[in-house]
Amino acid sequence: MQTRFRLTPVMAALLPLFLLPLAQADSLPAGTLSVESDTLSGQMDVELKASGQVKATRDDQTVEADWLEYFVQRQQLRAGERVRLTQADGRIEAEQLDYLLGERRGSASNASFSFGRDGKTLRGNAGKLEFQGKDNYRLRSARANTCDPNDDSWYLKASTIDLDYGRNVGVARNARVEFQGVPILYTPWIDFPLDGGRKSGLLFPTISTGSDGLQVSLPYYWNIAPNYDATITPRYIEQRGMMLGLEGRYLLPDAQGQLYTEQLPDDKKSERSRFLWKGEHVQQLAPALSLGANGAYVSDDDYFDDFGDRVSSAANVNLKREAWLSYRPEWGSVTLKAQRYQTLQDENGTVEEPYARLPQLSINARQQFAGFSSNLESELTRFSHSSKQEGTRLVAYPSLSYAIERPWGFLRPKVGVHFTRYQLDNSDGSQTVRSDERTLPIVSLDSGLYFERDSTLFGRDMNQTLEPRLFYVKIPKVEQSSLPNFDTSENDFNFAQLFTENRFSGHDRINAANQVTAALTSRYLDKENGLERLRVAIGQRFYLSRDDISLDGSSSERSEAGSDLLVTVGGDLSHSLRLDGSYQYNQALSKTERYNAQLRYNPAPGKTVSVRYRYGRDELIGSGSERDTLRQVDVAGQWPIAPRWYAVARQNYSLRDKKALEQLAGVEYNDGCWSMRVVGQRYVTDLDKTKNAVFLQLELKDFSSVGSNPLNALRLAIPGYSPINETTGN
Numbered sequence: 007m008q009t010r011f012r013l014t015p016v017m018a019a020l021l022p023l024f025l026l027p028l029a030q031a032d033s034l035p036a037g038t039l040s041v042e043s044d045t046l047s048g049q050m051d052v053e054l055k056a057s058g059q060v061k062a063t064r065d066d067q068t069v070e071a072d073w074l075e076y077f078v079q080r081q082q083l084r085a086g087e088r089v090r091l092t093q094a095d096g097r098i099e100a101e102q103l104d105y106l107l108g109e110r111r112g113s114a115s116n117a118s119f120s121f122g123r124d125g126k127t128l129r130g131n132a133g134k135l136e137f138q139g140k141d142n143y144r145l146r147s148a149r150a151n152t153c154d155p156n157d158d159s160w161y162l163k164a165s166t167i168d169l170d171y172g173r174n175v176g177v178a179r180n181a182r183v184e185f186q187g188v189p190i191l192y193t194p195w196i197d198f199p200l201d202g203g204r205k206s207g208l209l210f211p212t213i214s215t216g217s218d219g220l221q222v223s224l225p226y227y228w229n230i231a232p233n234y235d236a237t238i239t240p241r242y243i244e245q246r247g248m249m250l251g252l253e254g255r256y257l258l259p260d261a262q263g264q265l266y267t268e269q270l271p272d273d274k275k276s277e278r279s280r281f282l283w284k285g286e287h288v289q290q291l292a293p294a295l296s297l298g299a300n301g302a303y304v305s306d307d308d309y310f311d312d313f314g315d316r317v318s319s320a321a322n323v324n325l326k327r328e329a330w331l332s333y334r335p336e337w338g339s340v341t342l343k344a345q346r347y348q349t350l351q352d353e354n355g356t357v358e359e360p361y362a363r364l365p366q367l368s369i370n371a372r373q374q375f376a377g378f379s380s381n382l383e384s385e386l387t388r389f390s391h392s393s394k395q396e397g398t399r400l401v402a403y404p405s406l407s408y409a410i411e412r413p414w415g416f417l418r419p420k421v422g423v424h425f426t427r428y429q430l431d432n433s434d435g436s437q438t439v440r441s442d443e444r445t446l447p448i449v450s451l452d453s454g455l456y457f458e459r460d461s462t463l464f465g466r467d468m469n470q471t472l473e474p475r476l477f478y479v480k481i482p483k484v485e486q487s488s489l490p491n492f493d494t495s496e497n498d499f500n501f502a503q504l505f506t507e508n509r510f511s512g513h514d515r516i517n518a519a520n521q522v523t524a525a526l527t528s529r530y531l532d533k534e535n536g537l538e539r540l541r542v543a544i545g546q547r548f549y550l551s552r553d554d555i556s557l558d559g560s561s562s563e564r565s566e567a568g569s570d571l572l573v574t575v576g577g578d579l580s581h582s583l584r585l586d587g588s589y590q591y592n593q594a595l596s597k598t599e600r601y602n603a604q605l606r607y608n609p610a611p612g613k614t615v616s617v618r619y620r621y622g623r624d625e626l627i628g629s630g631s632e633r634d635t636l637r638q639v640d641v642a643g644q645w646p647i648a649p650r651w652y653a654v655a656r657q658n659y660s661l662r663d664k665k666a667l668e669q670l671a672g673v674e675y676n677d678g679c680w681s682m683r684v685v686g687q688r689y690v691t692d693l694d695k696t697k698n699a700v701f702l703q704l705e706l707k708d709f710s711s712v713g714s715n716p717l718n719a720l721r722l723a724i725p726g727y728s729p730i731n732e733t734t735g736n
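Residues in the sequence shown are numbered consecutively from 7, following this note's numbering.
Encoded structure:
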């Protein structure tokens, strides 16, 4: 029969009283040692020896071994032949164990280990494992990975690995990463977080290739303080030279921000200095008072074409720089702002530089009373430009509205007055020589009804709605050609724009209106889960008066009695199938103006295919003023092609130009403990320029990745894309 033995240092003299049978209660004081074995021997107040299926337990630690020796005064435990130590953070198996229980110090020879924290497990083996205090270990002649048991596809090998779970930091010396037995990275020293948190040290390098040849980046992350950090990134570009990137971030109780720069002092390809500066700061001065600044500046017009990706090249045409002070009480907001732009375009571009606002004061207020809502939109702005008319504009738009909301419908009348006054400078920059103003009353009435009935769609029980809506607007026609255009453009015509008072953005142009928008929407709502399975809407604006205002401010007469007819359709047709589309028909010309349709099949993560077609009869082409017919086909997808293998692809093709605007193709492999992506991309950056990129990434589970990351490109290119290490069962 096995014997159970329990001992604390204080009770050493009473040791014989604690040789108890297995039926003894298991509730023990903290620090008590309990031993079970086939045989027990030794001098009770000095040394205990146990052999044969030994199991020793103390608090959260359990030792199982063939034999065990315990020295009472030193609380030293020795165990051998086959030893297993189990504790809260993992398990250690070794040939021999020499361990001080109280100090949690000692060593284990020829040990294998498995430590787990916060859902992350580090396992491996070491010639010698040293215990250096609670949650602190040193591994000698070690190798480790974060894979499941019996998965040795990759390893971090090192002469020593220090694991400090108190600070969640690991440090490896004379280390190399081996993948499938092949060394892929060597470093004399590397540190890494054990919980996925922040830790100063070298990050894994990024290696890519493209139009500028081989590119290698080696980032260093500096965890300056819990609320400060920085990333320093030397970047070698084969055809251009060495670039240095620096990003700094900070988070204070009342402020936060970041600063980012890229510097290439000597671009061998363009033979000039290249740089980027970008930063932002937000400061909370009081609960309702804040200030901030943000902006970006680059050395030249081609910067993002040369060093950015497809998105940054298209998005960064006007780089904004602004500073603001904002007060936001319960009744509204007051904002003082200064703003200007850097406009980027090639030598043949026709992009107009926006006006600078130096400064702009905006006051917006709202008040609710007895079902009424009063609102005020106002601003005072000084507009500055290097080559256009400059001046100051005052805008005030007070309005009063009332809302009747019922389950069966709504009625929202509104009345307001839009006042605008200009003080305009002389063209030679002398003192103000002319003033002008405009006052326009605006009346609108928005109304709608809700009808509902039981129905079916695709064999499922549905609630079908019928939602008619009428929106009326009355604005008198006022000649505005004498007024400058500081910030106004004509909004794109779409379904949402049918229910707006003014088709122009900004305040310099206000359309004449005596018009009614009529729309009808029907929805199929799944009774089981409330999803919108199908939505069909049709709408059109009808002109009760032909008066109109053009973008240049001149009065004109509409030739048609109504706007183009708009139809939209969308919804989750099933769990896997999504439809979205719109159609615009010009009744006056009996022609289709534009339409687009997208069908996406997404039955599970990692499985998605989408097809989209876009047509526009008279669209702006590129960044210039040329207009032509737009016809584009966009096909994209991610799909498993074999166990653990996925294909990704996209083709965005212009039928008008008979050329691809973007092409992307690649494969992904997910092994569970590691994943690999190889992706090639080619896209148009200008009328006659293209850019190539090749991404090759090896991602090691819960550790790091090597190579260039294509995830952002894949998410933007493929609707419904899922990282393969987040998919299961495909």
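Beta carbons are placed, not taken as given, at the ideal position from N, Cα and C, and that holds for glycine.
Please read all numbers here as calculations on a predicted model, not as lab measurements.
- Other residues of its chain near leucine 291: CB distance less than 7 Å, five sequence neighbours each side excluded: Against the sequence shown, residue 291 aligns to sequence position 285. So the list reads Leu297, once near-sequence residues are dropped.
- Item | Collapsed DSSP secondary structure at tyrosine 727 in the structure displayed | Here residue 727 refers to the residue found at position 721 when the sequence shown is read from its first residue. Correct three-state label for tyrosine 727: coil.
- Item | Extent of the continuous alpha helix (DSSP H) run through aspartate 197 | Taking the sequence shown and counting its residues from 1, the one referred to as residue 197 is at position 191. Aspartate 197 -> not in any alpha helix (DSSP H); beta strand (DSSP E) instead, spanning 188-199.
- Item | In chain order, each beta strand (DSSP E) run of at least 3 residues that lies wholly inside the stretch 488-550 | 519-532 and 538-549
- Item | First and last residue of the uninterrupted alpha helix (DSSP H) at aspartate 312 | Indexing the sequence shown from 1 puts residue 312 at position 306. Counting along the chain, the alpha helix (DSSP H) containing aspartate 312 begins and ends at 309-313.
- Query: What is the residue span of the beta strand (DSSP E) that phenylalanine 477 lies within?
  - Reply: The sequence position of residue 477 within the sequence shown is 471, counting from 1. Its beta strand (DSSP E) spans residues 466-481.
- Query: Using a Cβ-Cβ cut-off of 6 Å (strictly less than) and excluding sequence neighbours within five positions of aspartate 32, which residues of its own chain qualify?
  - Reply: The residue given as residue 32 occupies position 26 in the sequence shown. Low per-residue confidence applies at aspartate 32: pLDDT is 49, beneath 50, and the placement is therefore not dependable, though the value from the model is reported in the following sentence. Here the set comprises nothing.
- Is leucine 722 helix, strand or coil by DSSP? In the sequence shown, counting from the first residue as 1, residue 722 sits at position 716. It is helical.
- Can you have a look at methionine 468 and say buried or exposed, based on whether 16 or more other CB atoms are within 10 angstroms of its CB? Reading the sequence shown from its first residue, position 462 is the one you call residue 468. With 16 or more Cβ atoms within 10 Å of its Cβ, methionine 468 is classed as buried.
- Using a Cβ-Cβ cut-off of 7 Å (strictly less than) and excluding sequence neighbours within five positions of valine 484, which residues of its own chain qualify? Taking the first residue of the sequence shown as 1, we reach residue 484 at position 478. So the list reads Arg444 and Leu446, once near-sequence residues are dropped.
- Query: Around the Cβ of isoleucine 230, are there at least 16 other Cβ atoms within 10 angstroms (buried) or fewer (exposed)?
  - Reply: Residue 230 sits at position 224 when you count from the first residue of the sequence shown. Classification of isoleucine 230: exposed, given that the 10 Å Cβ count is below 16.
- For the beta strand (DSSP E) that contains lysine 695, what are its first and last residues? Here residue 695 corresponds to residue number 689 of the sequence shown, with the count starting at 1. It spans 695-706 - the beta strand (DSSP E) in which lysine 695 sits, taken as one unbroken run.
- Task: Quick one: using the 10 Å Cβ neighbour count with 16 as the cut-off for buried, is arginine 363 buried or exposed?
- Result: The residue labelled residue 363 in the question sits at position 357 within the sequence shown. Buried, since its Cβ has 16 or more Cβ neighbours within 10 Å.
- Message: My output table needs one value for glutamate 485: the three-state DSSP class, helix, strand or coil.
- Response: Here residue 485 is taken as the residue at index 479 of the sequence shown, counted from 1. Looking at glutamate 485 - three-state DSSP - the assignment turns out to be coil, as it is neither helix nor strand.
- Query: Among Ile730, Ile724, Thr733 and Lys707, which has the Cα closest to the Cα of leucine 200?
  - Reply: Counting from one through the sequence shown, the residue named residue 200 turns up at place 194. Cα-wise, what sits closest to leucine 200 is Lys707.
- Message: So, under 8 Å CB-CB, tyrosine 143 and leucine 169 are touching, yes? Tell me the CB distance rounded to an integer number of Å.
- Response: Taking the sequence shown and counting its residues from 1, the one referred to as residue 143 is at position 137. Taking the sequence shown and counting its residues from 1, the one referred to as residue 169 is at position 163. Indeed, because the Cβ distance is near 5 Å, the residues count as touching under 8 Å.
- On a CA-only basis, which of Thr68, Arg146 and Leu46 is nearest threonine 38? Give me that one, please. As a first step, residue 38 must be located in the sequence shown, where it is residue number 32. Selected option, being the one with the closest Cα: Thr68.
- Query: So what does DSSP say about leucine 39, is it helix, strand or coil?
  - Reply: The residue you call residue 39 lines up with position 33 of the sequence shown. Note: leucine 39 maps to strand in three-state DSSP.
- Item | Helix, strand or coil at glutamate 443 [DSSP, three-state] | Residue mapping note: residue 443 aligns to position 437 of the sequence shown, counting from 1. Looking at glutamate 443 - three-state DSSP - the assignment turns out to be strand.
- Within the present structure, is the beta-carbon of serine 556 separated from the nearest heavy atom of the ligand GTP by less than 7 Å? The ligand GTP is absent from the structure shown, which contains no ligands of any kind.
- Message: Between Tyr242, Leu250 and Asp235, which has its C-alpha nearest leucine 258's C-alpha?
- Response: To locate residue 258, count along the sequence shown from 1; it is residue 252. Of Tyr242, Leu250 and Asp235, the residue nearest in Cα terms is Asp235.
- Put leucine 145 into one of helix, strand or coil per three-state DSSP. If you number the sequence shown from 1, residue 145 lands on position 139. Three-state DSSP puts leucine 145 in a strand.
- Item | Residue burial classification, isoleucine 730 (beta-carbon count within 10 angstroms, cutoff 16) | Position 724 of the sequence shown, counted from the first residue, corresponds to residue 730. Classification of isoleucine 730: buried, given that the 10 Å Cβ count is 16 or more.
- Task: Can you say whether serine 488 is buried or exposed, counting buried as having 16 or more other CB atoms within 10 angstroms of its CB?
- Result: Walking along the sequence shown from the start, residue 488 turns up at place 482. By the neighbour-count rule (16 or more Cβ atoms within 10 Å), serine 488 is not buried but exposed.
- Task: Compare the beta carbon distance of phenylalanine 119 and aspartate 95 with 8 Å and say whether it is the shorter of the two.
- Result: Counted from its first residue, the sequence shown places residue 119 at position 113. Counted from its first residue, the sequence shown places residue 95 at position 89. In this structure, aspartate 95 does not lie closer than 8 Å to phenylalanine 119 by Cβ.
- Could you tell me the distance, in whole angstroms, from the CA atom of glutamate 109 to the CA atom of tryptophan 73? Residue 109 sits at position 103 when you count from the first residue of the sequence shown. Residue 73 sits at position 67 when you count from the first residue of the sequence shown. If you take the alpha carbons of glutamate 109 and tryptophan 73, they lie about 22 Å apart.
- Task: Count the other C-beta atoms from every protein chain shown that fall within 10 angstroms of the C-beta of phenylalanine 548, then say buried if there are 16 or more, exposed otherwise.
- Result: What you label residue 548 is simply residue 542 of the sequence shown in a count that begins at 1. By the neighbour-count rule (16 or more Cβ atoms within 10 Å), phenylalanine 548 is not buried but exposed.
- Contact check, threonine 5 vs valine 323, beta carbons under 8 Å: Any question about residue 5 goes unanswered here, given that the chain covers just 7 to 736.
- Task: Check the C-beta distance from glycine 576 over to leucine 585 and give it rounded, since I have them as a contact under 8 Å.
- Result: For this step, residue 576 is matched to residue 570 along the sequence shown. For this step, residue 585 is matched to residue 579 along the sequence shown. So it is a contact: roughly 6 Å between Cβ atoms.
- Query: Within 10 angstroms of its Cβ, does isoleucine 410 collect 16 or more other Cβ (buried), or is it exposed?
  - Reply: Along the sequence shown, one-based indexing puts residue 410 at 404. Burial call: exposed.
- Item | Separation of methionine 249 from glycine 568, as counted between CA atoms | Mapped onto the sequence shown, residue 568 falls at position 562. Mapped onto the sequence shown, residue 249 falls at position 243. Whole-angstrom Cα-Cα distance: 57 Å.
- Query: Among Trp680, Ser728, Glu599 and Arg564, which residue has its Cα nearest to the Cα of proline 609?
  - Reply: Your numbering for residue 609 matches position 603 in the sequence shown. The residue with the shortest Cα to Cα distance from proline 609 is Ser728.
- Query: Can you list, in chain order, the residues of its chain whose CB lies under 6 Å from that of glutamine 30, leaving out five sequence neighbours each side?
  - Reply: If you number the sequence shown from 1, residue 30 lands on position 24. Confidence at glutamine 30 is low in this model, with a pLDDT of 42, below 50, so the placement of that residue is unreliable and no value is reported for it.
- Residues in its own chain within less than 7 Å of aspartate 514 by CB, not counting five upstream and five downstream? Here residue 514 corresponds to residue number 508 of the sequence shown, with the count starting at 1. Contacts found: Leu489, Pro490, Asn491, Phe492, Asp493 and Thr494.
- Cβ atoms of arginine 620 and alanine 642: under 8 Å apart, would you say? As a first step, residue 642 must be located in the sequence shown, where it is residue number 636. As a first step, residue 620 must be located in the sequence shown, where it is residue number 614. Taking 8 Å as the Cβ cut-off, alanine 642 and arginine 620 do not qualify as a contacting pair.
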